[in-house]
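**Student:**
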C-alpha cells in the first residue's frame with residue numbers, strides 16, 4: 040500500500056462516495072493522470088481472503104443480473 044500524490048486533476052470516486060459513503064469519508068479518488076508515490080504505508084491490514092471472495096461473488100451476481108454498478 041502506497042501514499043500517492045496526483046500529478047493532475049482528480050475527482051471523488053463515484054463508485055464509493057456516491058453509492059456507499061456520501062461526503063467521501065473514505066478519501067477515495069480517481070484520476071486519468073499519473074500518480075507520484077511519496078511513501079509506503081506500514082501497518083495496513085487488507086481484507087481477508089473470504090471477504091475478497093464475497094466481494095467478487097457480489098459483483099458476479101450483479102453482472103448476471105445485468106446491473107452495471109461500476110462507474111468507469
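In our numbering, the protein residues as written are 40 to 111. For glycine and all other residues, C-beta sits at the position ideal for the given N, C-alpha and C.
Does DSSP put residue 78 in a helix, a strand or coil?
**Tutor:** Stepping through the chain shown from its first residue, residue 78 is reached at position 39. Note: residue 78 maps to strand in three-state DSSP.
**Student:** Which residues in the same chain as residue 72 place their Cβ atom closer than 8 Å to its Cβ, once the five residues preceding and following it in sequence are excluded?
**Tutor:** In the chain shown, counting from the first residue as 1, residue 72 sits at position 33. Excluding sequence neighbours, residue 72 sits near 45, 46, 47, 48 and 49.
**Student:** What would DSSP say about residue 61, mapped onto helix, strand or coil?
**Tutor:** In the chain shown, residue 61 corresponds to position 22, counting from 1. Three-state result, residue 61: coil.
**Student:** For residue 79 and residue 109, I'd like the C-alpha separation in whole angstroms.
**Tutor:** The count along the chain shown starts at 1 and reaches residue 79 at position 40. The count along the chain shown starts at 1 and reaches residue 109 at position 70. Looking at the two C-alpha atoms, the distance is approximately 28 Å.
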